[in-house]
Every structure is written in structure tokens, then in C-alpha cells.
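J.:
2 protein chains.
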Amino acid sequence: MAASAGPEIERLISLLAKLPGLGPRSARRAALALLKRREQLLVPLAASLAETAEKVVSCSVCGAPDTRDPCAICSDGSRDNGLICVVEEAGALWAMERSGAFRGKYHVLGGLLSALDGVGPEHLRIAELVGRVRHQNEGGGAVREVVLALPATVDGQTTAHYVAERISGPDVQVTSLARGVPVGGELDWLDDGTIVQAMRARRPA
Amino acid sequence: MAASAGPEIERLISLLAKLPGLGPRSARRAALALLKRREQLLVPLAASLAETAEKVVSCSVCGAPDTRDPCAICSDGSRDNGLICVVEEAGALWAMERSGAFRGKYHVLGGLLSALDGVGPEHLRIAELVGRVRHQNEGGGAVREVVLALPATVDGQTTAHYVAERISGPDVQVTSLARGVPVGGELDWLDDGTIVQAMRARRPA
């Protein structure tokens, strides 16, 4: 990097470059945009990050980030307590919420099992999920169904199998999101695996 | 956006989405990465932005961002004061410094003339450049050459023509960066305009 940019700007650029989606080049562009729009962007973003660092915590029940604990979803009495959707990260939870397709509770694992990356069950919030299901089923407000909404990747499916084994029992049904052709998906552009699964799971029209 | 993410996180995402290179989707991924790496990324980035907002100013001579005024380059006595390189933004200045190809001073215009976007000469630091050249040429330490290092786009070339007209005189030579095939550039992948310019400016091998 140019020494001329000064250590403060260099440091800002190297931190921005750690964000997913930004490389060294786009981090420089982002730093430049921040410097150009000091009052509209730089100052508000600094304040917003500081506020987030100060106020946002992980929900002790589901693991999702929120300013209160338990989080807004876990403390929402209108949502079905007997239905838990298991997701990898909060990003998947937000996507699910945007879809409006689910009115139960969530459980954020915080990652996926991965032999390659050395991520074992002890690194994820799996024991918390098992404990949560057991606790609810002993104390009333039983969990009827756990929906595994994990990615359709090798690690995602390994994790799904592991979680299913740990929590399945006579009282709890474990399900997974359906596989198939996505809305707007043209067959030409779909991978073979998706087509095979969509064919296997075909339904009367 | 999901109401469940909370207003602080929503605000952070919408601010991140204003950075060049980040859209709404990648801003969410970035926010998630920040929340996951609180101590390594979120807190340092908040501090770095606050420090930048507090300490970095625009150099009153050249317009580049730095923590001191005049900036490190403008106050560097070992650099040629008679040579000024005109750039659109600090990003171009940093690129030029990384190349090590230039040992004069800079002048940051802060943009390009654009009829479409309503950017006129009064919005750019052109009057400052004219005044700077005149002042130096009256007071000693004359400016011998102004190198226009502006983008090879319509707006860049319009701006270059305008600046050249404003500052050219008997004592000041105005030049532009050479056009041609970039290093590593394969002819197959170059646009016709570049090939035409490279052919016109061909030199003995």
C-alpha cells in the first residue's frame, strides 16, 4: 500500500478488506467513498458499528443476534413454540423471516460440521438444541417438530444427519426443507443433482 | 428486511449497503461477519472509522486525504515541486504512488466534469489548480509540467481538455498518460479503441 495514504487510512482499508465481498481493491474504493461522504456515511457508519458492538448480544435461547435476550422472536408469544427451525447462521434466519413462510421459533447452530475445517459438534450449538428440546418436552410446551433448514451442501447434509440423529425420538418429528426446482428456475441452468431430486420428489400437477 | 434483526442491525446493513461494491445482499453478509467476529472485526472497524472521521482532513494544497495539512506528499521536500500530476480521486493518487513511477506533487480534482450528472468546473478543484500553478510560477519554484492522469473515458477526456485549456501557457507543459496495450494485456481481450490508440502510438521495437 502507498505510504502516502497514512496509517489511519491504511488500517481502515485493511479492516474493510476483511469483510466478505470486499477484496483489497474494493476496500480501497470503499474507504475512498467513506472519506468523500464523511457526514452522510463515515460518521453514521462509525456510530452504527459502535452501537452494534455495544448493544447486540447473542440470544441465550436460539443464538440469534439481537439487542435483547431472549431475542424478539424467542419472546414472541404469538409464535408456535412447538416448532423449531434449525439454521446455520442468522443470515438464513433473516431469509426465512423475509419469506414469511415460518411462524415457529429458531435455533442458530453458528456453523456446519466440517472435518476439513476441523469443526466438530462441540463447536456448534447442537448440545443447546438437544437440551432445549428435552427441557421443553419435559416441562410442557413440547417440541413437536424440528425443521432442518440447512444448506444443500455436503457439510450441510452431514450436519443435518448428525442433528437429526441427536434429537429424533418418539415425540419429535425431524423434517427438512423440500428439494426441487427453484421458482423461476430454468431446467437448462439447474445442476443435475437438483433435477434428480426434483424428479424423485415429483408430485401430481 | 426482517423486523427480527432489530433496528440497530437494520441500520448497520443499510449503511454498509451504501459502500461501493456492496449491495443489500452482501451488506447483510458483511453485517453477519461483523457480528460473528465482534472483537477481531466489529470493534476495531468501529474504532478505525471513528479515528478516520476525527483525524483525516483534505490537504489544503492538493486535496488528498491525510491526517496532516499540508499532506505528507505536499510537505515532502525531496519531491519535485515543478511537476504536478492531476488525478480524479485519491484512489488514482494511491495507485500512482504504488507504481513508484512519479516523484512530483499531486492535485486531486475530486471528480470529473459531467454534463449528465450536472458536474461543472465549479464543483471540482480546478480553480485551485489554476491558482496553484499561477502562484508557484509568480513566486519561484515554477511548475514546468502538469501531467493529466485522468481516466480514458468520455468524462475523463472532457475534463482533461478543459483543464489543459485552463492551465496551458508558455511556461507550463501539459501532458497526458500514454495510451496503449496494458502489461500482460492480450490483444484478444482488448477493446478496439485501445488497439487503435496503441497502433497509432507505435514505437520502434
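Taken in order, these protein sequences are the chains called E and V. Going by UniProt numbering, the first sequence opens with residue 1, and the numbers climb by one from there. Going by UniProt numbering, the second sequence opens with residue 1, and the numbers climb by one from there. All residues carry an ideal CB built from backbone N, CA and C; glycine is no exception.
Please name the residue or residues paired with residue 157 of chain V in a DSSP beta bridge.
T.: Here residue 157 of chain V is taken as the residue at index 157 of the second sequence, counted from 1. Its beta-bridge partners do not exist; DSSP assigns none.
J.: Should the stretch 74 to 84 of chain E be regarded as contacting the stretch 14 to 21 of chain V, the criterion being three or more beta carbon pairs within less than 8 Å?
T.: Cβ pair count under 8 Å is below three, so no.
J.: Between the alpha carbons of residue 200 of chain V and residue 191 of chain V, how many angstroms are there, rounded?
T.: Locating residue 200 of chain V in the second sequence gives position 200, counting from the first residue. Locating residue 191 of chain V in the second sequence gives position 191, counting from the first residue. Distance between the alpha carbons of residue 200 of chain V and residue 191 of chain V is about 15 Å.
J.: Which residues, in chain order, does the stretch 69 to 93 of chain E contribute to contact with chain V at a C-beta distance below 8 Å?
T.: Against chain V - using a Cβ distance shorter than 8 Å - the residues of the stretch 69 to 93 of chain E are 71, 72, 73, 89, 90, 91 and 93.
J.: Can a CB atom of chain V be found closer than 8 Å to the CB of residue 153 of chain E?
T.: As a working mapping, residue 153 of chain E is identified with position 153 in the first sequence. Not an interface residue.
J.: Please classify residue 176 of chain E: does DSSP put it in a helix, a strand, or coil?
T.: As a working mapping, residue 176 of chain E is identified with position 176 in the first sequence. Three-state DSSP puts residue 176 of chain E in a strand.
J.: Is the separation between the beta-carbon of residue 64 of chain V and that of residue 83 of chain V shorter than 8 Å?
T.: Locating residue 64 of chain V in the second sequence gives position 64, where the first residue counts as 1. Locating residue 83 of chain V in the second sequence gives position 83, where the first residue counts as 1. Taking 8 Å as the Cβ cut-off, residue 64 of chain V and residue 83 of chain V do not qualify as a contacting pair.
J.: Please classify residue 7 of chain E: does DSSP put it in a helix, a strand, or coil?
T.: As a working mapping, residue 7 of chain E is identified with position 7 in the first sequence. Helix, per DSSP.
J.: According to DSSP, is residue 165 of chain E part of a helix, a strand, or is it coil?
T.: In the first sequence, residue 165 of chain E corresponds to position 165, counting from 1. It is helical.
J.: What is the DSSP secondary structure of residue 145 of chain V, counted as helix, strand or coil?
T.: What you label residue 145 of chain V is simply residue 145 of the second sequence in a count that begins at 1. Strand.
J.: By DSSP's criteria, residue 85 of chain E is part of a beta bridge. Which residues make up the other side?
T.: Taking the first residue of the first sequence as 1, we reach residue 85 of chain E at position 85. In the DSSP output, where bridge partners are listed per residue, residue 85 of chain E has E:106 and E:147.
J.: Chain C beta carbons: is any one of them nearer than 8 Å to that of residue 11 of chain V?
T.: Going by chain labels, chain C is absent from the structure shown, which instead holds the protein chains E and V.
J.: Out of V:170, V:195 and V:169, which has the shortest C-alpha to C-alpha gap to residue 181 of chain V?
T.: The count along the second sequence starts at 1 and reaches residue 181 of chain V at position 181. Comparing Cα positions, the closest option is V:195.
J.: Evaluate residue 179 of chain V with the Cβ neighbour count: other Cβ atoms within 10 Å of its Cβ, from every protein chain shown; 16 or more gives buried, anything less gives exposed.
T.: Taking the second sequence and counting its residues from 1, one reaches residue 179 of chain V at position 179. The residue in question, residue 179 of chain V, is exposed, as its Cβ has fewer than 16 Cβ neighbours within 10 Å.
J.: If we define contact as Cβ-Cβ less than 8 Å, is residue 66 of chain V a contact residue for chain E?
T.: For this step, residue 66 of chain V is matched to residue 66 along the second sequence. Cβ-Cβ to chain E under 8 Å: yes for residue 66 of chain V.
J.: Using the C-alpha atoms, what's the distance from residue 19 of chain E back to residue 96 of chain E?
T.: Stepping through the first sequence from its first residue, residue 96 of chain E is reached at position 96. Stepping through the first sequence from its first residue, residue 19 of chain E is reached at position 19. Whole-angstrom Cα-Cα distance: 23 Å.
J.: Establish whether the CB of residue 28 of chain E and some CB of chain V are separated by less than 8 Å.
T.: Your numbering for residue 28 of chain E matches position 28 in the first sequence. Residue 28 of chain E counts as touching chain V.
J.: In chain E, what lies closer than 9 Å to residue 55 of chain V by C-beta?
T.: By 1-based counting over the second sequence, the position of residue 55 of chain V is 55. The contacting residues are 6 and 8.
J.: How many angstroms separate the CA atom of residue 21 of chain V from the CA atom of residue 29 of chain E?
T.: Start at 1 with the first residue of the second sequence, and residue 21 of chain V comes out as number 21. Start at 1 with the first residue of the first sequence, and residue 29 of chain E comes out as number 29. Distance between the alpha carbons of residue 21 of chain V and residue 29 of chain E: 8 Å.
J.: Of the choices E:100, E:90 and E:138, whose alpha-carbon is the least far from that of residue 79 of chain E?
T.: Along the first sequence, read from residue 1 onward, the residue named residue 79 of chain E stands at position 79. If we check each option's Cα against that of residue 79 of chain E, E:100 comes out closest.
J.: Going by C-alpha distance, which of V:37, V:9, V:186 and V:52 is nearest residue 24 of chain V?
T.: For this step, residue 24 of chain V is matched to residue 24 along the second sequence. Ranking the options by Cα distance to residue 24 of chain V, first place goes to V:9.
J.: Residue 114 of chain V by DSSP, collapsed to three states: which one?
T.: Within the second sequence, numbered from 1, the residue matching residue 114 of chain V stands at position 114. Strand, per DSSP.
J.: Given residue 160 of chain E, which residues of its chain have a CB within under 7 Å of its CB, disregarding the five upstream and five downstream residues?
T.: Residue numbering aside, residue 160 of chain E sits at position 160 when the first sequence is read from its first letter. Hits under 7 Å: 148, 150 and 176.
J.: Would you please verify whether the beta carbon of residue 2 of chain E is less than 8 Å from any beta carbon of chain V?
T.: Locating residue 2 of chain E in the first sequence gives position 2, where the first residue counts as 1. Annotation note: pLDDT 44 at residue 2 of chain E (below 50); position unreliable, no value reported.
J.: As a quick exercise: from E:7, E:43, E:198 and E:123, pick the residue whose alpha carbon is nearest that of residue 88 of chain E.
T.: In the first sequence, the residue the question calls residue 88 of chain E occupies position 88. Considering only alpha carbons, the answer is E:123.
J.: Leaving out the 5 sequence neighbours to the left and right, which residues in its chain are closer than 8 Å to residue 223 of chain V when beta-carbon positions are compared?
T.: In this structure chain V extends from 1 to 205, so residue 223 of chain V is not present and cannot be described.
J.: Answer with yes or no whether the minimum CB distance from residue 49 of chain E to chain V is below 8 Å.
T.: The count along the first sequence starts at 1 and reaches residue 49 of chain E at position 49. Residue 49 of chain E counts as touching chain V.
J.: With 8 Å as the threshold, decide whether the Cβ of residue 101 of chain E is near any Cβ in chain V.
T.: Against the first sequence, residue 101 of chain E aligns to sequence position 101. Not closer than 8 Å to any Cβ of chain V, the Cβ of residue 101 of chain E fails to qualify, so no.
J.: At a CB-CB cut-off below 8 Å, which residues of chain E make contact with residue 104 of chain V?
T.: The residue given as residue 104 of chain V occupies position 104 in the second sequence. Result: empty, since nearest Cβ-Cβ is about 13 Å, beyond 8 Å.
J.: Does DSSP put residue 182 of chain E in a helix, in a strand, or in coil?
T.: Looking up residue 182 of chain E in the first sequence gives position 182. Residue 182 of chain E falls in the coil class under three-state DSSP.
J.: State the Cα-Cα distance for the pair residue 45 of chain E and residue 169 of chain V, rounded to the nearest angstrom.
T.: Residue mapping note: residue 45 of chain E aligns to position 45 of the first sequence, counting from 1. Residue mapping note: residue 169 of chain V aligns to position 169 of the second sequence, counting from 1. About 45 Å.
J.: So which residues on chain V does residue 46 of chain E lean against when the C-beta distance must stay under 7 Å?
T.: Taking the first sequence and counting its residues from 1, one reaches residue 46 of chain E at position 46. Within chain V, the residues near residue 46 of chain E are 46, 49, 50 and 53.
J.: Chain E beta carbons: is any one of them nearer than 8 Å to that of residue 35 of chain V?
T.: Within the second sequence, numbered from 1, the residue matching residue 35 of chain V stands at position 35. Residue 35 of chain V counts as touching chain E.
J.: Can you tell me the Cα-Cα spacing of residue 183 of chain V and residue 143 of chain V, whole angstroms?
T.: The residue given as residue 183 of chain V occupies position 183 in the second sequence. The residue given as residue 143 of chain V occupies position 143 in the second sequence. Their Cα atoms are separated by approximately 31 Å.
J.: So, is residue 1 of chain V buried or exposed, given that buried needs 16 or more other C-beta atoms within 10 angstroms?
T.: As a first step, residue 1 of chain V must be located in the second sequence, where it is residue number 1. Interpretation of residue 1 of chain V is limited by its pLDDT of 40, a score under 50 that renders its predicted location unreliable; the figure taken from the coordinates is listed afterwards. Exposed is the call here.
J.: How many angstroms separate the CA atom of residue 186 of chain V from the CA atom of residue 66 of chain E?
T.: Counting from one through the second sequence, the residue named residue 186 of chain V turns up at place 186. Counting from one through the first sequence, the residue named residue 66 of chain E turns up at place 66. Straight-line Cα distance between these residues: approximately 51 Å.
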